[in-house]
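**Student:** I am attaching a structure below and will ask some questions about it afterwards.
Protein chains in written order, with our numbering: chain A, 2 to 318; chain B, 21 to 241.
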């Protein structure tokens, strides 16, 4: 059964994931209505607590909350207060005193959402923590694959790029493995974490081998801001070897789909033409992101009705 | 960290049972003794009579729009559409409207029922919408359905069709077309379900007695 917080895909079992995806599938229909709003979370407050800059994910959560009629507050603590870990919890406690029904947390350090969840009465939803997890991204990716392919089980999913620094990759590995897909990784050796095979995936340094027979190809963003160019000789070389274009896609299945968590570095991870056209499904991912986050807010927000119920329930259990 | 794992409120996750709606599932609650209320002949007869009444009272049958409340309303609305075609030669659209996200007990109970399909084939503006549900009790589902319906446009009028009206109304909702009025006890469950296994066409309505121990009943759900 789904727990109180959504901190990572690692904590979920297959049934939880399927339940979230099923709920999201129904939320998709609301986005197609003329009135894209239902009263479900009326009078509930969702706080977006983003310590790390984000436009897309924050907007996606904000729209999702508003489509469910929740009041959505964006809380962006100033950069100077981030440095002291103490102030993060103080910020969280201050927020908690305002009785939110869900707190969506993004932070550049792994584990912060979990730490915040320990002091908050409200459910915490992880919107990305360092290189740890980004569960809603993986869930919306799984939803997109299920929509496009009709299933996830038995598919071959190839993830290309900086696996080492990618919370998207980590969450997707958990999600797709739990849903029964084969997951392959392709990257220059320094970008593949040592011992990644223990997650049930296979790592390749040859893109061609990794793409052979793939149903889904997911390109990760090369994060220049995090790398400082230390992991690949040059962006041009990376692009020539691991950047996707139509010629390289020939190694995959004919009906392969191409995904990217965005924002795309055009001409680096994907050729210009692939970034905009089929078989890429990037805009479907964005659209599904809203529906998926509606499902997550529906299933998690406002369930624990009294602040501090965690302590009470924990003591009793 | 351990407190987090056990932090789910004990009551959450239940409450689906509190729904007054019921699914036409075969064999659900088979342990209990089900008292038959309507067999498939009764149901078909009621739906045919209701179709005649609808035509009799409609100024413009071409303007009708059937909207089923899932799950029980769906087979009934389809049958009604077929009957209306037979009786008056009209082709009435059939929509399905899930009311879950419009329920008024989500916050108080903390339950998160599974969502069901919503499919509205065309706009409802200017139509006379007939909401179709299998069993009407408190009226809360109908209230939710009306709210949901308004998000799809502005019908000219909304009327309610219920196969079984079991009383116990909690909101000022009245049925325009009723299959059968059945006095029931509050704890009992009235359910539309398939009459035989593997035979989804033949429906029946049964009354299930209240579970002997409500606590145990919730836990097993």
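Glycine included, each C-beta is placed from N, C-alpha and C at the ideal position. Note that this is a predicted model, so its numbers are computed, not measured.
1. So with CB distances below 7 Å, who are the chain B contacts of residue 39/A?
2. Does residue 50/A get closer than 8 Å to chain B when you measure Cβ to Cβ?
3. Ignoring anything shorter than 4 residues, give me the alpha helix (DSSP H) runs that lie fully in the stretch 81 to 164 of chain B, in order along the chain.
4. Anything in the stretch 130 to 150 of chain B with a Cβ closer than 9 Å to a Cβ of chain A? List those residues in chain order, please.
5. Please give the ranges of any beta strand (DSSP E) in the stretch 21 to 77 of chain A, keeping only runs that are unbroken, at least 3 residues long and fully inside the region.
6. Please list the partners that residue 151/A has in chain B, where partner means a Cβ-to-Cβ separation under 9 Å.
7. Under 8 Å between the Cβ atoms of residue 250/A and residue 125/A?
8. Can you find a C-beta in chain A that's less than 8 Å from the C-beta of residue 171/B?
9. Would you check if the stretch 77 to 93 of chain B and the stretch 105 to 123 of chain B touch, i.e. whether three or more CB-CB distances between them fall below 8 Å?
10. Only counting runs of 4 or more residues, tell me where the alpha helix (DSSP H) segments fall wholly within the stretch 188 to 246 of chain A, in order along the chain.
11. State buried or exposed for residue 235/A, treating a residue as buried only when at least 16 other CB atoms are found within 10 Å of its CB.
12. Ignore the nearest five residues each way along the sequence and tell me which others in residue 248/A's own chain have a CB closer than 7 Å to its CB.
13. Compute the Euclidean distance between the alpha carbons of residue 75/A and residue 246/A, then round it to the nearest angstrom.
14. At what residues does the beta strand (DSSP E) containing residue 108/A begin and finish?
15. Between 97/A, 99/A, 95/A and 143/A, which has its C-alpha nearest residue 294/A's C-alpha?
16. Counting only beta-carbon separations shorter than 8 Å, does residue 127/B have a partner in chain A?
17. Have a look at 122/B, 54/B and 73/B and flag the residue whose alpha-carbon is nearest the alpha-carbon of residue 171/B.
18. Measure the alpha-carbon distance for residue 186/A versus residue 211/B and round it to whole angstroms.
19. Please report whether the beta-carbon of residue 300/A lies at a distance below 8 Å from any beta-carbon of chain B.
20. Under the assumption that residue 139/A contacts residue 173/A (Cβ atoms under 8 Å), give the Cβ distance between them as a whole number of angstroms.
21. Given that residue 167/B touches chain A, what residues does it touch there, using C-beta distances under 8 Å?
22. So, does the stretch 156 to 169 of chain A touch the stretch 191 to 200 of chain A, judging by three or more C-beta pairs under 8 Å?
23. Within 10 angstroms of its Cβ, does residue 106/B collect 16 or more other Cβ (buried), or is it exposed?
24. DSSP state of residue 225/B, grouped into three classes?
25. Run down chain C in chain order and give the residues with a C-beta less than 8 Å from the C-beta of residue 36/A.
26. Going by C-alpha to C-alpha distance, which of 214/A, 10/A, 24/A and 286/A sits closest to residue 155/A?
27. Going by the C-beta, is residue 175/A closer than 7 Å to any heavy atom of the ligand MG?
**Tutor:** In this structure, then:
1. Residue numbering aside, residue 39/A sits at position 38 when the first chain is read from its first letter. Within 7 Å Cβ-Cβ: 121 and 122.
2. For the purposes of this step, residue 50/A is taken as the residue at position 49 of the first chain. Closer than 8 Å: no.
3. 93 to 108 and 126 to 129
4. 130, 131, 132, 134, 135, 136, 137, 138, 139, 140 and 143
5. 46 to 51 and 72 to 76
6. Stepping through the first chain from its first residue, residue 151/A is reached at position 150. The premise fails here: residue 151/A is roughly 17 Å from chain B at the closest Cβ pair, so nothing lies under 9 Å.
7. Sequence index remark: in the first chain, residue 250/A carries index 249 (1-based). Sequence index remark: in the first chain, residue 125/A carries index 124 (1-based). No, the pair does not count as a contact, with Cβ atoms beyond the cut-off.
8. Counted from its first residue, the second chain places residue 171/B at position 151. Yes, residue 171/B counts as interfacial toward chain A.
9. yes
10. 208 to 212, 225 to 228 and 236 to 243
11. Translated into positions along the first chain, residue 235/A becomes position 234. So residue 235/A ends up on the exposed side.
12. Residue numbering aside, residue 248/A sits at position 247 when the first chain is read from its first letter. If we look at residue 248/A and ignore the five residues flanking it on each side, it has no Cβ neighbours.
13. If you number the first chain from 1, residue 75/A lands on position 74. If you number the first chain from 1, residue 246/A lands on position 245. Using only the alpha carbons, I get a separation of about 38 Å.
14. Here residue 108/A refers to the residue found at position 107 of the first chain. That run of the beta strand (DSSP E) goes 103 to 108.
15. Translated into positions along the first chain, residue 294/A becomes position 293. Nearest option by C-alpha distance: 143/A.
16. Your numbering for residue 127/B matches position 107 in the second chain. So, interface residue.
17. Mapped onto the second chain, residue 171/B falls at position 151. Comparing Cα-Cα distances from residue 171/B to each of 122/B, 54/B and 73/B, the minimum goes to 122/B.
18. Here residue 186/A corresponds to residue number 185 of the first chain, with the count starting at 1. Here residue 211/B corresponds to residue number 191 of the second chain, with the count starting at 1. Residue 186/A and residue 211/B: Cα-Cα distance of roughly 51 Å.
19. As a first step, residue 300/A is located in the first chain; it is residue number 299 there, counting from the start. Closer than 8 Å to some Cβ of chain B, the Cβ of residue 300/A qualifies, so yes.
20. In the first chain, the residue the question calls residue 139/A occupies position 138. In the first chain, the residue the question calls residue 173/A occupies position 172. Correct: roughly 5 Å between the Cβ atoms.
21. Position 147 of the second chain holds residue 167/B. In chain order: 40.
22. yes
23. On the second chain, residue 106/B is found 86 positions in, with the first residue counted as 1. With fewer than 16 other Cβ atoms within 10 Å, it is exposed.
24. Residue numbering aside, residue 225/B sits at position 205 when the second chain is read from its first letter. Strand at residue 225/B.
25. The chain inventory of the structure shown lacks chain C, comprising the protein chains A and B.
26. Indexing the first chain from 1 puts residue 155/A at position 154. Checking every option, the nearest Cα to that of residue 155/A belongs to 214/A.
27. Questions concerning the ligand MG fall outside what the structure shown contains, since it holds no ligand whatsoever.
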